[in-house]
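Visitor: Protein chains in written order, with the working numbering: chain A, 27 to 227; chain B, 27 to 227.
No residue lacks a Cβ here, since even glycine has one placed at the ideal position from N, Cα and C.
Protein chains: 2
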Amino acid sequence: MARRVTGPEIERLIQLLARLPGLGPRSARRAALQLVKKRDQLLAPLTDAMRTVHDRVRVCSACGNVDTADPCTVCTDPTRDGSVIVVVEDVADLWALERAGAVNARYHVLGGVLSPLSGIGPDDLDITGLVERASDPAVKEIILAVNATVDGQTTAHYVTDRLEGLGVKVTRLAHGVPVGGELDYLDEGTLTAAIRSRTPF
Amino acid sequence: MARRVTGPEIERLIQLLARLPGLGPRSARRAALQLVKKRDQLLAPLTDAMRTVHDRVRVCSACGNVDTADPCTVCTDPTRDGSVIVVVEDVADLWALERAGAVNARYHVLGGVLSPLSGIGPDDLDITGLVERASDPAVKEIILAVNATVDGQTTAHYVTDRLEGLGVKVTRLAHGVPVGGELDYLDEGTLTAAIRSRTPF
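(1) MET27/B: buried (16+ other C-beta within 10 angstroms of its C-beta) or exposed?
(2) Are the C-beta atoms of SER87/B and some chain A residue less than 7 angstroms apart?
(3) Just the C-alpha distance for ARG187/A and LEU199/A, rounded to the nearest angstrom, thanks.
(4) Here's a check: name, in chain order, each residue in its chain whose Cβ is nearer than 8 angstroms to the Cβ of ASP152/A, leaving out the five neighbours to either side.
(5) Would you call ASP213/B buried or exposed, if buried means 16 or more other Cβ atoms sit within 10 Å of its Cβ?
(6) Across the stretch 114-122 of chain A and the stretch 71-80 of chain B, are there enough close Cβ pairs to call them in contact, namely three or more that are closer than 8 angstroms?
(7) Rounded to whole angstroms, what is the Cα-Cα separation between LEU217/B and VAL194/B?
(8) Can you pull the chain B neighbours of HIS80/A, defined as C-beta to C-beta under 7 angstroms?
(9) Around the C-beta of VAL176/A, are 16 or more other C-beta atoms found within 10 angstroms, so that it is buried, or is it exposed?
(10) In this structure, what does DSSP give as the bridge partners for ALA131/A?
(11) Could you have a look at GLU208/A and say whether DSSP puts it in helix, strand or coil?
(12) Relative to the C-alpha of GLU35/A, which candidate in ASP81/B, LYS166/B, GLU208/B and VAL110/B has its C-alpha closest?
(13) For ALA164/B, which residues of its own chain have a beta-carbon under 7 angstroms away from its beta-carbon, when the five flanking residues on both sides are left out?
(14) Is the beta carbon of VAL233/B sitting closer than 7 angstroms to the one on VAL92/B?
(15) In terms of residue numbering, what span does the alpha helix (DSSP H) encompassing GLU124/A cover?
(16) Do LEU68/B and VAL113/B have their C-beta atoms closer together than 7 angstroms?
(17) How is the alpha helix (DSSP H) around LYS63/A delimited, first residue to last?
(18) Spatial neighbours of ALA54/A within its chain, please: CB distance less than 7 angstroms, with the 5 preceding and 5 following residues excluded, ordered by chain position.
(19) For the beta strand (DSSP E) that ARG198/B lies in, which residues bound it at each end?
(20) Quick test of your reading: LEU49/A and LEU156/B, contact by CB under 8 angstroms. State the CB separation rounded to the nearest angstrom.
(21) Of all Cβ atoms in chain B, is any one closer than 7 angstroms to the Cβ of GLU37/A?
(22) So, are the CB atoms of GLY178/A and VAL139/A less than 7 angstroms apart?
(23) Since LEU46/B and GLN60/A should fall inside the 8 angstroms C-beta cutoff, what is the C-beta to C-beta distance between them, to a whole number of angstroms?
(24) Looking at chain B, is there any beta carbon in it that lies within less than 7 angstroms of the beta carbon of GLU124/A?
(25) Between the C-alpha atoms of ARG56/B and THR32/A, what's the straight-line distance to the nearest angstrom?
(26) Taking PRO148/B as the reference, which of THR180/B, THR99/B and ALA126/B has the closest Cα?
(27) Run through the stretch 129-189 of chain B for me and flag every whole alpha helix (DSSP H) of 4 or more residues, listed as ranges in chain order.
(28) Skipping 5 residues on each side, what residues in its chain have a beta carbon closer than 8 angstroms to that of THR197/B?
(29) Tell me whether ILE221/A is buried or exposed, calling it buried when 16 or more other Cβ atoms sit within 10 Å of its Cβ.
(30) One question on the structure: do ALA88/B and ARG106/B come within less than 7 angstroms of each other, judged by their Cβ atoms?
(31) Could you check what DSSP says for VAL112/B in three-state terms: helix, strand or coil?
(32) Would you report the Cα separation of ARG30/A and ARG65/A, rounded to the nearest angstrom?
(33) Distance, Cα to Cα, ALA182/A vs VAL172/A?
Laid out in structure tokens, this is it:
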């Protein structure tokens, strides 16, 4: 049967919401209903926020961060150490490192990882831009802050190869026990890495 | 530290997205980044769809369904049996019953269930509207299609009390084994109900 019980406008909204990461068809439907129910408290302000982001936010042409300025706030910040570039897979990783205040440097967003199975090759990532930036004599160190997954590590190896001969130091994040982590719950690879890279107490 | 790495526009978008059901702060951030990355394929059409819904979609004043028309398509559909009203908690339940083609009747959306713990009382639900509609002599049966939860059943009892004396038949959904369900995985209450309401084969 499945007759029309609501307008095509809502169907379209549900379909588009379902394309957001984290929302499936079912949760997109719930989200759409919530939006209709809270027209003034949620739907209207969210529409405005999205329009503003659409009109004003850009991807930084230098590092791949998203910001209202291009080059972005991070790239133009004179208090940052311009000799270090932290390479991350995604903007979310950049934000995570900044929330932690882990490093006072510039960033470079690859936009993903090499994944032959998903058909993602070197040309799909911003590696050329990284090589270009690393060729600047002012840049002394590239920190590869990619995820410790198989694809992430493959990407790290590939990027290291591409950076060879540029006279820049390439480092990667340390492996070890997460702060607050319990040994009993950690995998063998992490424990072995933590023992190998043990430091004097 | 936590210095500014992006504009307040994105922060606001993330905060609003996090208020959608199914999205937490972390997935809202991922959704916002996805929107920025897919400006033309996703952000722009989603903004348009939301604006259209905001401008055109309303909650039906009769039954609580959401539609571009008020009264809604379901309420004005002359091919539906006007003597039966199916009472549901939420619009999503109405849509689910319609997708199943379970019944050719009108609906009434309560807008939730009674829940003393969450401070939701009879005045927070559209029970008065239901009593009014049920008082119409043309209405012969009210099917209570609320969830089989404690709050849902409490609400069903309350609604039944309120409908008493109107001369309308009040029924509820059958309990039993879900189609395709395996007995071994079902709870005792369901199994007992299925045995009690057994039907001739």
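Guide: Taking the structure as given:
(1) For MET27/B, the pLDDT reaches just 42, beneath the cut-off of 50, and the residue's location in the model is therefore unreliable, leaving the point undetermined.
(2) Chain A contact via Cβ: absent.
(3) The sequence given here places Asp at residue 187/A; Arg does not occur at that position. Distance between the alpha carbons of ASP187/A and LEU199/A is about 17 angstroms.
(4) Only GLY90, HIS134, VAL135, LEU136 and GLY137 meet the Cβ criterion.
(5) Under this definition ASP213/B is an exposed residue.
(6) Contact between the stretch 114-122 of chain A and the stretch 71-80 of chain B is absent, because fewer than three Cβ pairs lie under 8 angstroms.
(7) Answer to the nearest angstrom: the Cα atoms are 30 angstroms apart.
(8) Ordered by position in chain B, the residues that pass the 7 angstroms Cβ test against HIS80/A are ARG65, LEU69, ALA70 and THR73.
(9) By the neighbour-count criterion, in which a residue is buried when 16 or more other Cβ atoms sit within 10 angstroms of its Cβ, VAL176/A is exposed.
(10) Bridge partners of ALA131/A: ASP107/A.
(11) In this structure, GLU208/A counts as coil in the three-state DSSP scheme.
(12) GLU35/A has its Cα closest to that of ASP81/B, out of ASP81/B, LYS166/B, GLU208/B and VAL110/B.
(13) For ALA164/B, the CB contacts under 7 angstroms within the same chain, skipping 5 residues up- and downstream, are GLY108 and SER109 in chain order.
(14) Nothing can be reported for residue 233/B, as the shown portion of chain B is limited to 27 through 227.
(15) Taken as a continuous stretch (DSSP letters only), the alpha helix (DSSP H) holding GLU124/A covers 117-126.
(16) No, these two residues do not count as a Cβ contact at 7 angstroms.
(17) DSSP places LYS63/A inside the alpha helix (DSSP H), whose first and last residues are 51-63.
(18) Cβ neighbours of ALA54/A beyond the five flanking positions: ILE40, LEU43 and ALA44.
(19) Unbroken beta strand (DSSP E) run through ARG198/B: 195-198.
(20) About 32 angstroms separates the CB atoms of LEU49/A and LEU156/B; that is not less than 8 angstroms, and the two are not in contact.
(21) Output row for GLU37/A: interface = no.
(22) Yes, the pair counts as a contact, with Cβ atoms nearer than the cut-off.
(23) Rounded to whole angstroms, the Cβ separation of LEU46/B and GLN60/A is 6 angstroms, and the two are in contact under 8 angstroms.
(24) Yes - at least one Cβ of chain B is within 7 angstroms of the one on GLU124/A.
(25) About 30 angstroms.
(26) Per the Cα distances, THR180/B.
(27) Counting whole runs of 4 or more residues, the stretch 129-189 of chain B contains the alpha helix (DSSP H) stretches 153-160 and 176-189.
(28) Excluding residues within five positions, the ones whose Cβ falls inside 8 angstroms are GLU167, ILE168, ILE169 and LEU170.
(29) So ILE221/A counts as exposed.
(30) No, Cβ-Cβ distance for ALA88/B and ARG106/B is not below 7 angstroms.
(31) Assigned with DSSP and collapsed to three states, VAL112/B falls in strand.
(32) Approximately 22 angstroms, taken between the alpha carbons.
(33) Rounded to whole angstroms, ALA182/A and VAL172/A show a C-alpha spacing of 7 angstroms.
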